[in-house]
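Below: the structure, in structure tokens.
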Amino acid sequence: MTNPELTIIVPIFNLEKDISRCIDSILNQDFKNYELLLINDGSTDHSGKVIDGYAIKDQRIQVFHQENKGVSAARNLGLKKAKGTWVSFIDGDDTIYPNSLSTLMKATDNQSLELIIARSFVEKEDKLKKEDYGFDSSFLDKSFSGYELITQKSYLRGSVCGCLFNTHFLKENRIEFPHDLKIGEDSIFITLVHLYSQYIVFIDQIFYIINEREGSASRSWTPEKVLKMTDSITFIKNYIEKHPQLSKSQLAILDYRIYGVVSTLFYNFYYCFSFKYFFKIMRNLKNLVPVKIETLDIQMSKSKVKLLNFSLPLFAVSVLLKQLFREKLKQHS
Numbered sequence: 001m002t003n004p005e006l007t008i009i010v011p012i013f014n015l016e017k018d019i020s021r022c023i024d025s026i027l028n029q030d031f032k033n034y035e036l037l038l039i040n041d042g043s044t045d046h047s048g049k050v051i052d053g054y055a056i057k058d059q060r061i062q063v064f065h066q067e068n069k070g071v072s073a074a075r076n077l078g079l080k081k082a083k084g085t086w087v088s089f090i091d092g093d094d095t096i097y098p099n100s101l102s103t104l105m106k107a108t109d110n111q112s113l114e115l116i117i118a119r120s121f122v123e124k125e126d127k128l129k130k131e132d133y134g135f136d137s138s139f140l141d142k143s144f145s146g147y148e149l150i151t152q153k154s155y156l157r158g159s160v161c162g163c164l165f166n167t168h169f170l171k172e173n174r175i176e177f178p179h180d181l182k183i184g185e186d187s188i189f190i191t192l193v194h195l196y197s198q199y200i201v202f203i204d205q206i207f208y209i210i211n212e213r214e215g216s217a218s219r220s221w222t223p224e225k226v227l228k229m230t231d232s233i234t235f236i237k238n239y240i241e242k243h244p245q246l247s248k249s250q251l252a253i254l255d256y257r258i259y260g261v262v263s264t265l266f267y268n269f270y271y272c273f274s275f276k277y278f279f280k281i282m283r284n285l286k287n288l289v290p291v292k293i294e295t296l297d298i299q300m301s302k303s304k305v306k307l308l309n310f311s312l313p314l315f316a317v318s319v320l321l322k323q324l325f326r327e328k329l330k331q332h333s
């Protein structure tokens, strides 16, 4: 297509059993003015043949085959090729809600918008179970800057899926996925969007459906994977060094993401606890986390950030104990 309104980017690696369901959920939408970029990231199964078959049948579909470089490289290739005014990222084992694109695309009539966030739900056994990165009615009918969204709503999501991004905005601010991160690439991308965005809106429409399945890479944790989360903090510190012009509010956003990484790290570590890796993680964080993290003007997070600033070990223990308490409540509910 010459001038599509929307580019949909789907990275694919060994998804021959799931990818058709994903693609069909896109092709069956009542909104049709899009291009669909399918990036085969070195699959060793029949995923490549499956998506080549779709491309033959529909001229809106373009297929790109590359050696295995990871999801960030696949998405960045899609961004480089994107012709749409807006871009959306969909994982190859997930789907989008029937006829939801038309509702989201109506919001793009406001050309000043940089990010549109819709509702995402987790699906298990063909039933919508729970909302992911949910928001209440106070988020609707107004726009936020990235800084306001954090200070007013304490909202900083960790997934790029379930959103529409203004393509010009991304390219103007040179926002792409960090190619050297294996975990947390979505969180970094979203954080960079927050750094520069002035107009973010929320749409009360179910859009993205997360397929919760056994063995999904993003939903299972090992001590090694948890330790790799500290690479996100290294990326942030390097980004700050390379961009000395960042304002105080932008630096505060990055500090808040560091707090989020540390908190999420120990939350996930609860499910794969190992004393050996606990001390490895503590050593890594001691060298990476700033002496003091900016608390911003976020009442609900101030006490947690202050505890992290005061003592990393105490913060770690508090998160682990809180998660233990939650799990005990689940067992008795």
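Quick note on full-length UniProt numbering: the sequence shown kicks off at 1 and runs consecutively.
Quick reminder that beta carbons are idealized off the backbone N, C-alpha and C, glycines included.
Assigned exposure category for residue i - 16 Cβ within 10 Å defines buried
i	result
R174	exposed
R326	exposed
V71	buried
L181	buried
S154	exposed
F275	exposed
M229	buried
G134	exposed
N40	buried
T95	buried
L79	buried
Y271	exposed
I190	buried
F279	exposed
L170	buried
P98	exposed
D91	buried
D24	exposed
L6	buried
T44	exposed
L101	buried
V10	buried
E35	buried
E185	buried
D18	buried
F273	exposed
A217	Because A217 carries a pLDDT of 44, less than 50, the predicted location of this residue cannot be relied on, and the following value inherits that uncertainty. Exposed, since its Cβ has fewer than 16 Cβ neighbours within 10 Å.
S197	buried
L140	exposed
Delimiting residues of the beta strand (DSSP E) encompassing residue i
i	result
H243	Element bounds for H243: n/a, residue is neither H nor E.
residue 334	The question about residue 334 has no answer here: the residues shown for the chain are numbered 1 through 333.
Continuous alpha helix (DSSP H) stretch holding residue i: start and end
i	result
D24	I19 to L27
Q152	G146 to K153
D186	E185 to Y196
residue 334	The requested residue 334 does not occur in the structure, where the chain is confined to residues 1 to 333.
E224	P223 to K228
Cross-strand partners of residue i (DSSP beta bridge)
i	result
D255	For D255, which the question treats as bridged, DSSP gives no partner whatsoever.
C163	I117
D132	S120
C-beta contact flag for residue i and residue j at 8 Å
i	j	result
F89	C22	no
S47	L15	yes
Y256	L156	yes
I8	L27	no
V319	L285	no
L104	V201	no
L251	I240	yes
W86	T167	yes
I210	I116	no
F144	N68	no
residue 336	S232	Any answer about residue 336 is impossible in this case: the structure gives the chain only from 1 up to 333.
R75	I206	no
residue 335	Q66	With the chain covering only 1 through 333, there is no way to say anything about residue 335.
G146	V193	yes
Q323	Y277	no
V122	D132	yes
K83	P178	no
T234	L288	yes
K127	I183	no
I281	L265	yes
Proximity test, Cβ basis, 8 Å: residue i and chain B
i	result
L36	The structure shown contains no chain B; it holds only a single protein chain.
What ranges does the beta strand (DSSP E) occupy inside the UniProt domain "Glycosyltransferase 2-like" (7 to 130), keeping only unbroken runs of at least 3 residues that lie completely in it? The UniProt domain "Glycosyltransferase 2-like" (7 to 130) contains these whole beta strand (DSSP E) runs: 34 to 41, 61 to 66, 86 to 89 and 115 to 124.
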